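All remarks here apply to the structure that follows.
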Amino acid sequence: MKKFPLQRGLKLFTFIGLLTMFCSCVNNQKESTYEDTVDIPASREMLAELTSPPNVPRGVGRRKAKKLIVNMEIIEKVGEMTDGVKYVYWTFGGTVPGSFIRTRVGDEVEFHLKNHPDNKLPHNIDLHAVTGPGGGATSSFVAPGYEAKFSFKVLNPGLYVYHCATAPVGMHIANGMYGLILVEPAGGLPRVDKEYYIMQGDFYTKGDYGDRGLQPFDMQKAIDEDADYVVFNGKVGSMTGDNALTANVGETVRLYVGNGGPNLVSSFHVIGEIFDIVRVEGGSLINKNVQTTLIPAGGATIVEFRVNVPGTYIIVDHSIFRAFNKGALAMLKVLGEENEKIYSGIQEEGIYQPEGGGIQIIPTDNGDVVSEIPAKSLKERMEFGKITYQQTCFACHQGTGQGIPKAFPPLAASDYLNADVNRAIDIVLYGKRGEITVNGEKYKSVMTRQVLTDEEIANVLTYIYNNWENSKAEVTPAMVKSRRENH
Amino acid sequence: MNPTFKIVFTFVICSALINHIAAQSESMTIIKGGTYIPLYGIDSTTVTVNSFLMDVYPVTNRDYLIFVEKFPRWNRSNVKRLFADENYLINWERKDAFGNRLLPNTPVTNVSWFAAKKYCDCLGKRLPTVDEWEYAAMADEISPDAREKKSYNQHILEWYETPKSFKNTIGSTFVNYWGVSDLHGLVWEWTFDFNSVLISGESRKDVDKDSNLFCGSAAVGATDLMNYAAFMRYAFRGSIDANYTGNSLGFRCVKNIEIE
Chain P
1 MKKFPLQRGL KLFTFIGLLT MFCSCVNNQK ESTYEDTVDI PASREMLAEL TSPPNVPRGV
61 GRRKAKKLIV NMEIIEKVGE MTDGVKYVYW TFGGTVPGSF IRTRVGDEVE FHLKNHPDNK
121 LPHNIDLHAV TGPGGGATSS FVAPGYEAKF SFKVLNPGLY VYHCATAPVG MHIANGMYGL
181 ILVEPAGGLP RVDKEYYIMQ GDFYTKGDYG DRGLQPFDMQ KAIDEDADYV VFNGKVGSMT
241 GDNALTANVG ETVRLYVGNG GPNLVSSFHV IGEIFDIVRV EGGSLINKNV QTTLIPAGGA
301 TIVEFRVNVP GTYIIVDHSI FRAFNKGALA MLKVLGEENE KIYSGIQEEG IYQPEGGGIQ
361 IIPTDNGDVV SEIPAKSLKE RMEFGKITYQ QTCFACHQGT GQGIPKAFPP LAASDYLNAD
421 VNRAIDIVLY GKRGEITVNG EKYKSVMTRQ VLTDEEIANV LTYIYNNWEN SKAEVTPAMV
481 KSRRENH
Chain D
488 MNPTFKIVFT FVICSALINH IAAQSESMTI IKGGTYIPLY GIDSTTVTVN SFLMDVYPVT
548 NRDYLIFVEK FPRWNRSNVK RLFADENYLI NWERKDAFGN RLLPNTPVTN VSWFAAKKYC
608 DCLGKRLPTV DEWEYAAMAD EISPDAREKK SYNQHILEWY ETPKSFKNTI GSTFVNYWGV
668 SDLHGLVWEW TFDFNSVLIS GESRKDVDKD SNLFCGSAAV GATDLMNYAA FMRYAFRGSI
728 DANYTGNSLG FRCVKNIEIE
């Protein structure tokens, strides 16, 4: 019985003890404020976690400033720009963009830059987060098979680009030598549900977009700023289909977005979302409710938005031909319950044609207005068809009928096209929506009805069928007319 | 100044080697001298290069093995760290044999500047200067100065981008106007004054002491901004020290023409 009060006493004592420890723990985390970030002491050593895009390392949270060891390996290697197109990338950490580096203000970064022995060229790194001449470039210049070590203290919070700055600088950047380094403020950025790493870059190849094989860098095109590819994360389709970014309804998504250039400025936009917050140019200025934000070449931005409605959100450079013709397109798939209060989904569907106004229809109805020369031979039909193709079909199906992967199906060597001529005529006449499979790939987009005369449709389809390894079928105006009447 | 330049070699009699590598020493070709404007320098700076003899091919593993056999102090185990770093001949199977991993007629790589210089010395030759090398290398198959041609630049850039070309055999690229083979497309080559581009005698650069090949200064110092291939060579030379060795770094020798 005498034991009892003693036990209670012990318990109380332990409780107080734990409480004190807990309090002191919290106190440790609270950090004294420094007027000048130079004065923040860096305690202990820590190996930096580096991640490949589109992933980012864990946030710094409430950790104190540390001596952060960064090991970065430079690898020159052949990669795939898009299906069938290879390119020699020069990379920081084996990926384009290079590995994501996450630091906090006051960290003393010890940077080890390793140039793989099989590489051909010397490289270095210029980190925009560095205060000092060359941003580290002069101290990190390293020959193949060697390692350079230099140190710097990160003083300014923000999202910064790093890149190679060895002559010819433009070429090193054009081949993919860029990435992002994040400097979080003391205490870290506010927590969000999902974080991703995206970086835009423009590429210049000897062949045109989609030309197959190993494509070398084209110096003249780079100087003319005439990009063949404008892509996110180093290649066409890096974040589409199975590789799409994901989030769930109700989550807040934060994107760390950089622009490596070398030449082009990005008009960054997510179709169907409004950025709740933009940390303008990756700095401390916060803008709210932004549709499209500009990212300079060699600059970055942080955007945050809450996803409320499920579906696929397309991430683009809103200089929109880059998105649909040069590859600057990524996807964010949001899963979860529909919220019809915010977005109704399709309530009614159908292709709209301004029949009432009749502007586009009248010429075909009224023979007098049509001043069309009918084609007299297959050769003429092909010639006229080519003109119509350039005016009407080219934008989506592309110059040699190759289409655009995952967006617009190919007309070249197309099994779908060659299987059924009448179906092809119908699609031109009445449009097409819904999923189709062409050469094994699924496409789900809309083609509107084309306002063309029977003669024009006959010509353009004949042109398509007699090019690009298609079936060489000839389509006549009579065939088109019969499909019109059939409908 | 690079202090390594000041190191004086101990005198070694190497005439014996001449007989052994006689075949190699014979295959030299005349580069007829002339003037040219190098990549770095002010616009009006022309450089005059005297006529000289240049090896047709880069020095091969087979050639270099003979050298190492004659002079064991230059084999992998004995070489002084001051003269060659840890990667010296690292891809050879043994200190005295390159083995099966390398072909005898691929260029020898992972050799330092000191080793390359000694090799040439022993044959009564020397390493080419940057100016001599660049002068000989601005030729394509048909003209002595092809730098104006778009295709010339583009071809060299493509070779620079091709990984692991040091595994290709000598003679596998092209023979240029002078009859020299493989100046572009196989390996980088040591030059006698490889790091001199960083130390400029040109007044503008000496004022701001910023003649490195980074960012802006690369563009400020250059005369031909389109010559990306040359930028890359100069950048490479700037990145190495005399005891460095690399998988893609080999050499060839040149010789003065005796005036009789």
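These protein sequence lines are chains P and D, in that order. Sequential numbering of the first sequence, starting at 1, is according to the numbering used here. Sequential numbering of the second sequence, starting at 488, is according to the numbering used here. By construction, the Cβ of each residue, glycine as well, lies at the ideal position given by its N, Cα and C atoms. Note that this is a predicted model, so its numbers are computed, not measured.
_Start-end ranges of the alpha helix (DSSP H) lying completely within the segment 711 to 746 of chain D, minimum 4 residues_ = 715 to 726
*In angstroms, rounded to a whole number, what distance separates the CA positions of Leu285(P) and Thr292(P)?*
16 Å
*Among Asn55(P), Lys149(P), Gly207(P), the one whose alpha carbon lies nearest that of Gln641(D)*: Gly207(P)
*Under the assumption that Asp618(D) contacts Met625(D) (Cβ atoms under 8 Å), give the Cβ distance between them as a whole number of angstroms.*
Not confirmed; about 11 Å, so no contact.
*So, helix, strand or coil for Ile577(D), using DSSP?*
coil
*asked:* By alpha-carbon positions, which one of Ala424(P), His397(P), Lys386(P), Tyr343(P) ends up nearest to Val249(P)?
replied: Tyr343(P)
*Out of Ala412(P), Leu294(P), Asp193(P), Leu429(P), which has the shortest C-alpha to C-alpha gap to Arg484(P)?*
Leu429(P)
*Closer than 7 Å, Cβ to Cβ, to anything on chain D: give me those residues from the segment 160 to 188 of chain P, in chain order.*
Ala165, Thr166, Ala167, Pro168, Val169, Met171
*Which of the three DSSP states, helix, strand or coil, is assigned to His123(P)?*
strand
*Assign Ala509(D) to buried or exposed, taking buried as 16 or more other Cβ atoms, counted over all protein chains shown, within 10 Å of its Cβ.*
Caution applies to Ala509(D), whose pLDDT of 49 falls short of 50 and renders its modelled position unreliable; the value that the coordinates give is listed next. By the 10 Å Cβ count, Ala509(D) comes out exposed.
*Please list the residues of the segment 710 to 733 of chain D that have a C-beta atom closer than 8 Å to any C-beta atom in chain P, keeping them in chain order.*
Met713, Tyr715, Phe718, Met719, Tyr721, Ala722, Phe723, Gly725, Ser726, Ile727, Tyr731, Thr732, Gly733
*Skipping 5 residues on each side, what residues in its chain have a beta carbon closer than 8 Å to that of Thr20(P)?*
For Thr20(P), the predicted structure reports a pLDDT of 47, less than 50, and the residue's modelled location is therefore unreliable. A value from the coordinates is still provided. Taken in chain order, the list of residues that qualify is empty.
*Using a C-beta cutoff of 8 Å, does Ser630(D) count as contacting chain P?*
no
*Starting from the C-beta of Arg691(D), find all residues in its chain whose C-beta is less than 6 Å away, skip the five residues before and the five after it, and write them out in chain order.*
No answer about Arg691(D) holds up, because its pLDDT of 35 lies below 50 and its placement is not dependable.
*asked:* Below 8 Å on the Cβ atoms is my contact criterion, and I expect Leu50(P) with Ile101(P) to pass it. Report the Cβ-Cβ distance as a whole number of Å.
replied: 6 Å
*Asp542(D) and Ser564(D): beta carbons closer than 8 Å?*
no
*Go ahead and label Ile404(P) buried or exposed: buried means 16 or more other beta carbons lie within 10 angstroms of its beta carbon, across all protein chains shown.*
buried
*8 Å CB neighbourhood of Gly356(P) in its chain, flanking five on each side removed*: Because the pLDDT at Gly356(P) is just 40, under 50, the model does not fix this residue reliably, and the point stays unresolved.
*Cα separation between Thr547(D) and Pro410(P)?*
51 Å
*Over what stretch of residues does the alpha helix (DSSP H) that includes Asn422(P) continue unbroken?*
421 to 430
*Can you give me the start and stop residues for the beta strand (DSSP E) that Gly299(P) sits inside?*
299 to 306
*From the beta carbon of Ala143(P), is the nearest beta carbon of chain D less than 8 Å away?*
yes
*Name, in chain order, the residues that DSSP records as bridge partners for Asn248(P).*
Leu335(P)
_Proximity below 8 Å, CB of Leu489(P) to CB of Asp202(P)_ = Here chain P has residues from 1 to 487 only, and residue 489(P) is not among them.
*How many angstroms separate the CA atom of Ile577(D) from the CA atom of Ser471(P)?*
59 Å
*Of all the CB atoms in chain P, is at least one closer than 8 Å to the CB of Glu648(D)?*
yes
*Under 8 Å Cβ-Cβ, which residues of chain D neighbour Met219(P)?*
Asn640, Gln641, Leu644, Met713, Tyr715
*asked:* For Ser52(P) and Gly98(P), I'd like the C-alpha separation in whole angstroms.
replied: 7 Å
*Can you tell me the Cβ-Cβ gap for Ala300(P) and Val257(P), rounded? I've got them flagged as a contact below 8 Å.*
6 Å
_Just to confirm my understanding: we take Val130(P), look at its own chain, exclude 5 residues before and 5 after, and list those with CB closer than 6 Å. What are they?_
Gly136, Phe152
*Which residue spans inside the segment 378 to 408 of chain P form an unbroken alpha helix (DSSP H) run of at least 4?*
378 to 388, 394 to 397
*State the CB to CB distance for the pair Asn655(D) and Leu673(D), rounded to an integer number of angstroms; the pair is presumed to be in contact (CB under 8 Å).*
6 Å
*To the nearest whole angstrom, what separates the beta carbons of Val38(P) and Leu155(P), a pair I think is in contact under 8 Å?*
6 Å
*Pick helix, strand or coil for Lys604(D), following the three-state DSSP scheme.*
helix
*Distance, Cα to Cα, Ser512(D) vs Pro168(P)?*
Any reading at Ser512(D) needs caution, since the residue's pLDDT is 46, under 50, leaving its predicted position unreliable; the model's value is listed next. So the alpha carbons of these two residues sit roughly 36 Å apart.
*Presumed contact (8 Å Cβ cut-off) between Glu628(D) and Val667(D), rounded CB distance*: 11 Å between Cβ atoms; not a contact.
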